[in-house]
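Quick note, the sequences are listed as chains A and B, same order. Residue numbers for the first sequence follow the working numbering, beginning at 1 and rising by one. Residue numbers for the second sequence follow the working numbering, beginning at 89 and rising by one. C-beta: ideal position from N, C-alpha, C; glycine also. In what follows, a structure is listed as structure tokens, so that the remarks can point back to it.
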Amino acid sequence: MLKAKIYVKLKASVLDPQGKAVTNSLHNLGFTDVLETRISKYIEMNFTSDDREKVSQEVEYICNSLLANPNTEVYQYEIVPLEQNLEN
Amino acid sequence: MRISVVTFPGSNCDYDAYRVCLSRGHQTKLIWHKDTDLANPDLVILPGGFSYGDYLRGGALARFSPIVNEVISFAKKGGLLLGICNGFQILTECGLLPGTLLMNESLLFICKHQYIRVETEASPFTQSIGKGKVLDVPIAHKEGNFYTDSETLKQLQDNNQIIFRYCDKQGEINLQSNPNGSLDNIAGICNPQRNILGMMPHPERSATDTVPTQDGKWIFEAIEKALE
Numbered sequence: 001m002l003k004a005k006i007y008v009k010l011k012a013s014v015l016d017p018q019g020k021a022v023t024n025s026l027h028n029l030g031f032t033d034v035l036e037t038r039i040s041k042y043i044e045m046n047f048t049s050d051d052r053e054k055v056s057q058e059v060e061y062i063c064n065s066l067l068a069n070p071n072t073e074v075y076q077y078e079i080v081p082l083e084q085n086l087e088n
Numbered sequence: 089m090r091i092s093v094v095t096f097p098g099s100n101c102d103y104d105a106y107r108v109c110l111s112r113g114h115q116t117k118l119i120w121h122k123d124t125d126l127a128n129p130d131l132v133i134l135p136g137g138f139s140y141g142d143y144l145r146g147g148a149l150a151r152f153s154p155i156v157n158e159v160i161s162f163a164k165k166g167g168l169l170l171g172i173c174n175g176f177q178i179l180t181e182c183g184l185l186p187g188t189l190l191m192n193e194s195l196l197f198i199c200k201h202q203y204i205r206v207e208t209e210a211s212p213f214t215q216s217i218g219k220g221k222v223l224d225v226p227i228a229h230k231e232g233n234f235y236t237d238s239e240t241l242k243q244l245q246d247n248n249q250i251i252f253r254y255c256d257k258q259g260e261i262n263l264q265s266n267p268n269g270s271l272d273n274i275a276g277i278c279n280p281q282r283n284i285l286g287m288m289p290h291p292e293r294s295a296t297d298t299v300p301t302q303d304g305k306w307i308f309e310a311i312e313k314a315l316e
């Protein structure tokens, strides 16, 4: 079985007001060296299949059609064995 | 006029829209999102609310409801389609309208009266109102910050697809009159064929005598005149 670890991030050109608010709070906390914060989504998805290529194709399709909005977001993912991840 | 208002799980302005349409004498039906028949309407309204709890992104999951295929095919045949607030988000997620509604710049849910200016008469939703008219129509959203790339924005401007822009009482469009950070103060846009309107303000919340302002009536009247 396989696990997809998917990151959906705002494109660099899109303003991230949440990230900006977090940066301001971090500055107030004294971390004045924090230049910028960007908030992203992290999604885990488990698959019954062991076929990496098939799962990759599915994840690509899932990201394009639902998880990421192509107007404002980009995605990246990695596929790892599910068992290994559970042990960790 | 026959009007169908679609209810998604989490819609909360469906009854407001339904009652306004009924009160104006129209045959109005609430259509459940799992239905596959729009009941032969002249106008379809995708109402405001939080379809599917706004999970993932506002409007992202509603687009997979069975009725949405019917809505898309209705609109592609030229049927009049009005998406209000969450309905606007659904229209962008379906690809029927360009752009995305991002989180408000202030990160706050904003619920207040807002002035918007009619930017063009060239749409069935505004042709009888007149360009430049300032309307007081409430807004209530956290994700209404309209964003698109600069090329698409230019297309919207060049094709006269910006229907409403946020303004002040005098109709001035500036930073102070922009409640949510929307690009170019955009409050509502249409498609190139001009039969689909998406808008963040709620005309259905300002179209009966029981609420303080009635400027939303102008939009319903315009649609009625366009379909006469």
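For residue 13 (chain A), same chain residues with a beta-carbon under 7 Å away, outside a window of 5 residues either side, do not exist. Residue pairing of residue 202 (chain B) in beta bridges, as defined by DSSP: B:225. DSSP places residue 47 (chain A) outside any alpha helix (DSSP H); the residue lies instead in the beta strand (DSSP E), whose first and last residues are 41-47. In this structure, the beta-carbon distance from residue 190 (chain B) to residue 277 (chain B) does not fall below 8 Å. Fewer than three pairs of CB atoms, one per stretch, sit closer than 8 Å, so the segment 91-108 of chain B makes no contact with the segment 64-73 of chain A. Identification of residues in the segment 136-148 of chain B having a C-beta nearer than 8 Å to some C-beta of chain A yields 144, 145, 148, given in sequence order. Annotation for residue 275 (chain B): the continuous beta strand (DSSP E) segment containing it runs 274-278.
Taking the beta carbon of residue 21 (chain A) as reference, the chain B residues within 9 Å of it are 195, listed in sequence order.
At a C-beta separation below 7 Å, residue 17 (chain A) has these neighbours in chain B: 191, 193, 195.
For the beta strand (DSSP E) assignment, the uninterrupted runs of no fewer than 3 residues enclosed by the segment 120-174 of chain B are, from N- to C-terminal side, 131-134, 168-172. Between the C-alpha atoms of residue 295 (chain B) and residue 95 (chain B) there is a straight-line separation of about 20 Å. Here DSSP, grouped into helix, strand and coil, assigns residue 111 (chain B) to helix.
In this model, residue 226 (chain B) and residue 248 (chain B) are separated by some 24 Å (Cα to Cα). Using a CB distance cut-off of 8 Å, residue 66 (chain A) counts as an interface residue toward chain B. Its chain contains 92, 127 as the residues whose beta carbon lies nearer than 6 Å to that of residue 117 (chain B), once the 5 sequence neighbours on both sides are disregarded; these appear in chain order. Among the residues of the segment 244-274 of chain B, those with a Cβ less than 8 Å away from any Cβ of chain A are 269, in the order of the chain. Restricting attention to A:20, A:51, A:3, A:10, the CA atom closest to the CA of residue 36 (chain A) is found in A:20. The shortest CA-to-CA distance from residue 205 (chain B) to any of B:195, B:217, B:196 is the one to B:217. Contact between the segment 270-285 of chain B and the segment 167-177 of chain B is present: three or more C-beta pairs spanning the two stretches fall below 8 Å. Across the structure, residue 298 (chain B) and residue 103 (chain B) are spaced so that their CA atoms are roughly 15 Å apart. Put simply, the backbone Cα of residue 80 (chain A) is about 54 Å away from that of residue 210 (chain B). Measuring C-alpha to C-alpha distances from residue 100 (chain B) to each of B:269, B:208, B:138, B:228 identifies B:138 as the nearest. Between residue 61 (chain A) and residue 7 (chain A), the CB-CB gap reaches or exceeds 8 Å.
In the three-state scheme derived from DSSP, where H, G and I count as helix and E and B as strand, residue 78 (chain A) is classed as strand.
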